[in-house]
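Note sheet for the following structure.
Numbering (my numbering), first residue to last: 148 to 287.
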């Protein structure tokens, strides 16, 4: 992917990349915070802002396989899909139950949740064979 030529835009993308990578790191530690989406977004942002940090993220021991699978269109593991769908259901459920009172807003949020869940479910599911055949990035 080509790095953006505009220095200001490149800096903004770079900072946003670190922000989303930080969110992903928090998601590893705290349940209920997503990890995969922010990692993929950080990968996109680094690919547009810094070849060095894009390479670092792709080869990262923990986050690299997520970005590699996405870029190779291998899809998500069944576990990642399950966690994502459960997290969507819980977070939207809590939000619409305790914080949103207008019926139109609740319906809109549940429609958004359904669209996001549909998108996740329609992505390829990475098979066990593909996971086992993939080289270990940490030892490369």
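Beta carbons are placed, not taken as given, at the ideal position from N, Cα and C, and that holds for glycine.
Rounded Cβ spacing between residue i and residue j (contact assumed at less than 8 Å)
i           : j           : result
residue 183 : residue 219 : Going by Cβ atoms, the distance from residue 183 to residue 219 rounds to 15 Å, so no, they are not a contact pair.
residue 194 : residue 161 : Contact flag wrong, Cβ pair sits at about 11 Å.
residue 186 : residue 213 : 5 Å
Selected residue, minimal CA-CA separation from residue i, among the options
i           : options               : result
residue 239 : 225, 256, 194 and 155 : 256
residue 231 : 249, 267, 271 and 168 : 267
residue 208 : 164, 172, 264 and 254 : 172
residue 167 : 210, 199, 152 and 206 : 210
residue 149 : 199, 180 and 265      : 199
residue 178 : 237, 206 and 264      : 237
residue 264 : 157, 233, 204 and 174 : 233
residue 203 : 180, 170, 164 and 181 : 164
CB of residue i within 8 Å of CB of residue j, strictly
i           : j           : result
residue 252 : residue 235 : no
residue 273 : residue 201 : no
residue 223 : residue 154 : no
Secondary structure, beta strand (DSSP E): runs of 3+ residues fully inside the segment 192-245: none
contact_flag[the segment 221-236, the segment 187-200] where n(CB pairs < 8 Å) is 3 or more: no
Along the chain, which unbroken stretches of the alpha helix (DSSP H) at least 4 residues long are found entirely within the segment 150-195? 154-176
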